[in-house]
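Sequential numbering of the sequence shown, starting at 160, is according to this note's numbering.
We treat Cβ as the ideally placed atom computed from N, Cα and C, and that holds for glycine.
Bear in mind that the values here come from a model prediction, so they are computed numbers and not experimental data.
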Amino acid sequence: MTPSPSAPFNYAEHGATRRRPLPGGYRHLHEATYLGHGRAVLEAAGEAVTTFRMHRAAGVRVRASAAEAAPGVAVVCDLGLGPARLPAPCRVVWSEYESERIGFAYGTLTGHPQRGEESFVVEMRDDGAVWFTMTAFSRPGRWYTRLAGPLVPAFQRLYARHCGRTLRRLATGPR
160 MTPSPSAPFN YAEHGATRRR PLPGGYRHLH EATYLGHGRA VLEAAGEAVT TFRMHRAAGV
220 RVRASAAEAA PGVAVVCDLG LGPARLPAPC RVVWSEYESE RIGFAYGTLT GHPQRGEESF
280 VVEMRDDGAV WFTMTAFSRP GRWYTRLAGP LVPAFQRLYA RHCGRTLRRL ATGPR
């Protein structure tokens with residue numbers, strides 16, 4: 160079941176992954192992965208990101224109120240392995256479908272293990288190189304994420320790198 164589109168965010172800085180600097184009082188993540196070169200890579204990667212296919216291919220169970228990321232779309236990512244999964248309710252805060260930049264961000268809702276926002280952006284630079292960037296600001300939202308301390312940011316960084324490798328495979332592999 161996906162959360163209600165009116166479920167409250169559990170943080171105040173909605174949309175802050177679109178701006179710099181990221182808000183203070185949070186851990187920041189900025190991880191970039193080179194995907195390949197050219198428009199075909201940009202479009203394939205952008206489609207995989209905005210339809211949540213990258214998340215699913217990276218092993219995350221995703222339930223969304225729409226097939227494509229757009230502001231207001233409710234999303235639940237089940238985090239963990241096998242039957243030991245935690246629901247992480249979110250809502251898309253912003254999305255972008257530009258000629259050289261495609262992506263979105265979702266913000267955490269009440270009940271999410273963290274508080275904050277995460278963006279997933281594919282961008283083609285002037286030289287034709289296509290990059291995936293995952294940007295986040297977060298802090299513990301539940302007692303168990305506070306207890307996990309420094310393990311959470313380490314896991315987030317590993318997950319961001321895994322998403323980058325997964326997206327490179329999706330964008331450049333056989334279609």
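Starting from residue i, trace the beta strand (DSSP E) in both directions and tell me its first and last residue.
i    : result
Y193 : R186 to H196
Consult DSSP for residue i and reduce its assignment to one of helix, strand or coil.
i    : result
L181 : coil
T176 : helix
G270 : coil
Could you pull the DSSP bridge partners for residue i from this structure?
i    : result
E206 : Paired residues: none, contrary to the question.
S165 : None; S165 has no bridge partner.
Curious, which full-length beta strand (DSSP E) runs of at least 3 residues does the region 280-331 contain? 288-299
Fully enclosed by the region 208-264, which alpha helix (DSSP H) runs are 4 residues long or longer? 212-216
Count the CB pairs spanning the region 290-297 and the region 236-253 that are closer than 8 Å, and state whether there are at least three. no
Per the contact definition of three or more C-beta pairs closer than 8 Å, is the region 308-316 in contact with the region 206-222? no
Taking three-plus beta-carbon pairs below 8 Å as touching, is the region 258-265 in contact with the region 298-307? no
Hey, is the region 166-185 in contact with the region 265-283, meaning 3+ C-beta pairs nearer than 8 Å? yes
Are the region 164-173 and the region 282-293 touching, with three or more C-beta to C-beta distances below 8 Å? no
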